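Visitor: Got a structure for you, written out below as structure tokens; questions coming shortly.
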Amino acid sequence: MSQIAFPVPDVRILARRGEIIAGLAGLVPSECLITSEDERRAFETDALTAYRRMPLAVVLPHSTEEVSAVLRFCHEQGVNVVARGAGTSLAGGAIPQEDAVVVGVSKLNRILEVNYGDRVARVQAGVTNLGITDAVVADGFFYAPDPSSQLACTIAGNIGMNSGGAHCLKYGVTTNNVLGVRMVLMDGTVVDIGGGHLDANGYDLLGLIVGSEGQLGIVTEATVRILRSAEGARPVLFGFDTSEAAGACVSDIIGHGMIPVAMEFMDKLAIEICEAFAKAGYPLDVGAMLIIEVEGSEAEMERQLQQIIAIAQKHGVKTVRESRSALETALIWKGRKSAFGATGRVADYICMDGTIPTGQLPHVLERIDAIVKHYGLRVANVFHAGDGNLHPLILYNVNDPAEQAKAEDAGNDILKLCVEVGGCLTGEHGVGIEKRDLMTVQFDKVDLDQQMRVRAVFDPQWLLNPAKVFPLEGRIAA
Numbered sequence: 036m037s038q039i040a041f042p043v044p045d046v047r048i049l050a051r052r053g054e055i056i057a058g059l060a061g062l063v064p065s066e067c068l069i070t071s072e073d074e075r076r077a078f079e080t081d082a083l084t085a086y087r088r089m090p091l092a093v094v095l096p097h098s099t100e101e102v103s104a105v106l107r108f109c110h111e112q113g114v115n116v117v118a119r120g121a122g123t124s125l126a127g128g129a130i131p132q133e134d135a136v137v138v139g140v141s142k143l144n145r146i147l148e149v150n151y152g153d154r155v156a157r158v159q160a161g162v163t164n165l166g167i168t169d170a171v172v173a174d175g176f177f178y179a180p181d182p183s184s185q186l187a188c189t190i191a192g193n194i195g196m197n198s199g200g201a202h203c204l205k206y207g208v209t210t211n212n213v214l215g216v217r218m219v220l221m222d223g224t225v226v227d228i229g230g231g232h233l234d235a236n237g238y239d240l241l242g243l244i245v246g247s248e249g250q251l252g253i254v255t256e257a258t259v260r261i262l263r264s265a266e267g268a269r270p271v272l273f274g275f276d277t278s279e280a281a282g283a284c285v286s287d288i289i290g291h292g293m294i295p296v297a298m299e300f301m302d303k304l305a306i307e308i309c310e311a312f313a314k315a316g317y318p319l320d321v322g323a324m325l326i327i328e329v330e331g332s333e334a335e336m337e338r339q340l341q342q343i344i345a346i347a348q349k350h351g352v353k354t355v356r357e358s359r360s361a362l363e364t365a366l367i368w369k370g371r372k373s374a375f376g377a378t379g380r381v382a383d384y385i386c387m388d389g390t391i392p393t394g395q396l397p398h399v400l401e402r403i404d405a406i407v408k409h410y411g412l413r414v415a416n417v418f419h420a421g422d423g424n425l426h427p428l429i430l431y432n433v434n435d436p437a438e439q440a441k442a443e444d445a446g447n448d449i450l451k452l453c454v455e456v457g458g459c460l461t462g463e464h465g466v467g468i469e470k471r472d473l474m475t476v477q478f479d480k481v482d483l484d485q486q487m488r489v490r491a492v493f494d495p496q497w498l499l500n501p502a503k504v505f506p507l508e509g510r511i512a513a
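Residue numbering for the sequence shown follows our numbering, starting at 36 and increasing by one per position.
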């Protein structure tokens, strides 16, 4: 049985479906409105594919003005709205409800302005993450956040979930790289927050919006920071006999005050899965592997690597292999960034997203292994080790309800462990529906009530993505 509950659809809204669709048809061109069951099916789930709900209708606006008109109409009609980027959410953040209209940003896909002098770019929210870097790389710049789904995921989704990626250890996550947004509130009001400058006046509303999971408004444009590309970059593979040794090495590197540009972890199962897919030359005779990337001039990279290798040797490193070509570097990162897709070739999985203090890595890795074995399942660990953002992939059979329930229970136990050791429920995937009912593990009633009061100021009727983030019971209005 499904363990995650959805609210009962509002039968009054369902009965008015034809009327609502007619109203939407008067607001956007016909190619922007999807109403047939076959076409809506493409929007019934996201990357948390174990759960599906058929939306009332789907709207794909061309402009901020069309988004505003659609939201104003839904607000007047009391219709729920679920914002959607590319549907790559692993926490169920874009899964709709039967009485909700999905508003997608895929047609808002233009780069509006690039200002190299101020090192910013203004883009529509449907531009892909990698699309920003592609637009500026020829001029020696890049956009730093790089989630594994960056080929497909949109800036809108990145902002909603505060996405990170392999290189966030040095450059930060989305909130550190977004300077401003244009956002449409649920009543259709268009607001501009921040802009092409470093700090906005007044309260840090931008910090509130990034990571708000589509519950405060729908972002249609963003002004992002672009950075000058480094002189050079070199990833190195470090193989260890055990996951605990690799985790201790990560903690020691951070403890020495070193900040490589990236520090990624894979355990034995993850190594085997990714190597079978990418043929990246990963060592298969080790229990765990780190991908540590340094950047700068040749002298800088050599100095950093010597220090890191010395620390790794103290933890019994078994293999050290430096990339010596652009092709090798591309293959190394192909293997890591393909980890989720490669695992999907082997089994169904649930990908967790807890974050812990790096000093707890050896202990937590040992406990994760014990938790998953307790449920009779397997786990492939692949994650951003430098900032303690864990991504255990719990393997199971989606066609076996009992096994799915065990996988979800194991995932919940892992997230509770993360909170127990001083971490939190999510690093970059968001709460969505996946962690919604665990919010009481991290926050007491006073904390949750205050968060809900802030949320309700933006959307008093709780029409925006209403089944996500907060427990379904005990909601507070503005």
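Glycine is no exception: its CB is placed at the ideal position from the N, C-alpha and C atoms.
Since the model is a prediction, treat every value here as computed from it, not as a measurement.
What does DSSP give as the partner residues of I386 in its beta bridges?
Guide: Checking the sequence, you will find Cys at residue 386 rather than Ile. Beta-bridge pairing links C386 to L428.
Visitor: Kindly indicate which residue of A512, V417, K408, D383 has the alpha-carbon position closest to the one of D435.
Guide: Answer by Cα proximity: D383.
Visitor: When DSSP labels each residue in this structure, what does R157 get in the three-state scheme?
Guide: It is a strand residue.
Visitor: Roughly how many angstroms lie between the CA atoms of Q395 and C203, to the nearest whole one?
Guide: Taking the straight line from one Cα to the other gives about 20 Å.
Visitor: So is I294 buried or exposed if we call it buried at 16+ other beta carbons inside 10 Å?
Guide: Label assigned to I294: exposed.
Visitor: Spell out the partners DSSP gives V254 in its beta bridges.
Guide: Answer is M218.
Visitor: Which full runs of the beta strand (DSSP E) of 3+ residues lie inside the stretch 313-352, going along the chain?
Guide: Correct list: 323-330.
Visitor: Can you give, in chain order, each stretch of the alpha helix (DSSP H) that sits fully within the stretch 245-292 and has at least 4 residues?
Guide: Correct list: 278-290.
Visitor: Which residues in the same chain have their Cβ closer than 7 Å to the Cβ of L412, if we skip the five residues on either side of it in sequence?
Guide: These residues qualify, in order along the chain: I429, L430, Y431, K441, A442, A445.
Visitor: Kindly indicate which three-state DSSP category D181 falls into: helix, strand or coil?
Guide: D181: strand per DSSP, three-state reduction.
Visitor: So, I253 versus A160, is the Cβ gap smaller than 9 Å?
Guide: Yes, these two residues count as a Cβ contact at 9 Å.
Visitor: I need the straight-line Cα distance from S286 to Y317, nearest angstrom please.
Guide: Cα-Cα distance, rounded: 22 Å.
Visitor: Taking the beta strand (DSSP E) that M298 belongs to, which residues open and close that run?
Guide: 297-302 is the span of the beta strand (DSSP E), which, as asked, contains M298.
Visitor: Using the beta-carbon count (16 or more within 10 Å), is L498 buried or exposed?
Guide: Buried, by the Cβ-count rule.
Visitor: Just the C-alpha distance for A374 and R380, rounded to the nearest angstrom, thanks.
Guide: One C-alpha to the other measures close to 10 Å.
Visitor: What's the gap between the Cα of M36 and the Cα of A437?
Guide: Low confidence applies here, because M36 scores a pLDDT of 35, under 50, leaving its location unreliable and the question unanswered by this model.
Visitor: Could you compute how far the alpha carbon of A92 sits from the alpha carbon of A77?
Guide: If you take the alpha carbons of A92 and A77, they lie about 11 Å apart.
Visitor: Put V399 into one of helix, strand or coil per three-state DSSP.
Guide: DSSP places V399 in helix when its eight states are reduced to three.
Visitor: Who are V213's beta bridge partners in DSSP?
Guide: Partner(s): V259.
Visitor: Would you call the stretch 117-126 in contact with the stretch 190-202, where contact means no fewer than 3 C-beta pairs closer than 8 Å?
Guide: Yes, the stretch 117-126 touches the stretch 190-202.
Visitor: How big is the Cα-Cα spacing for R488 and L240?
Guide: Cα to Cα, the separation comes out at about 15 Å.
Visitor: If you count every other CB in all the chains shown that lies within 10 Å of the CB of R217, and 16 or more means buried, which is it?
Guide: Result: buried.
Visitor: Roughly how many angstroms lie between the CA atoms of E248 and G229, to the nearest whole one?
Guide: So the alpha carbons of these two residues sit roughly 19 Å apart.
Visitor: Can you say whether A179 is buried or exposed, counting buried as having 16 or more other CB atoms within 10 angstroms of its CB?
Guide: It is buried - the Cβ of A179 has at least 16 other Cβ atoms within 10 Å.
Visitor: Among L83, V171, A57, G113, which one has its Cα closest to the Cα of V94?
Guide: Among L83, V171, A57, G113, the Cα nearest to that of V94 belongs to A57.
Visitor: Which same chain residues, not among the five before or five after N500, have their C-beta less than 7 Å away from its C-beta?
Guide: Counting only Cβ-Cβ distances below 7 Å, and skipping sequence neighbours, we find V117, A118, E248, G249, Q250.
Visitor: Can you give me the C-alpha to C-alpha distance between L507 and P42, rounded to a whole angstrom?
Guide: Cα-Cα distance, rounded: 8 Å.
Visitor: According to the Cβ coordinates, are V226 and L233 closer than 9 Å?
Guide: Not in contact: V226 and L233 (Cβ atoms no closer than 9 Å).
Visitor: Can you grab the Cα-Cα spacing for the pair Q496 / V355, in whole Å?
Guide: Distance between the alpha carbons of Q496 and V355 is about 56 Å.
Visitor: Decide yes or no for the touch test of the stretch 163-181 against the stretch 267-283: beta carbon pairs closer than 8 Å, at least 3 of them.
Guide: No: the two stretches stay apart, fewer than three of their Cβ pairs being nearer than 8 Å.
Visitor: With burial defined as no fewer than 16 other Cβ atoms inside 10 Å of the residue's Cβ, what is the status of V522: buried or exposed?
Guide: Here the chain covers residues 36 to 513 and nothing more, so residue 522 does not appear.
Visitor: In the structure shown, what three-state DSSP assignment does K142 receive?
Guide: Of the three classes helix, strand and coil, the one that applies to K142 here is coil, per DSSP.
Visitor: Since C67 sits in a beta bridge, which residues does DSSP pair it with?
Guide: DSSP output for C67 lists no bridge partner at all.
Visitor: Helix, strand or coil for S37, going by three-state DSSP, please let me know.
Guide: Here S37 scores only 48 on pLDDT, less than 50, and its place in the model should not be relied on; the value that follows carries that caveat. Reduced to three states, the DSSP call for S37 is coil.
Visitor: How would you label N212, buried or exposed, when you count the other beta carbons within 10 angstroms and need 16 or more for buried?
Guide: By the neighbour-count rule (16 or more Cβ atoms within 10 Å), N212 is buried.
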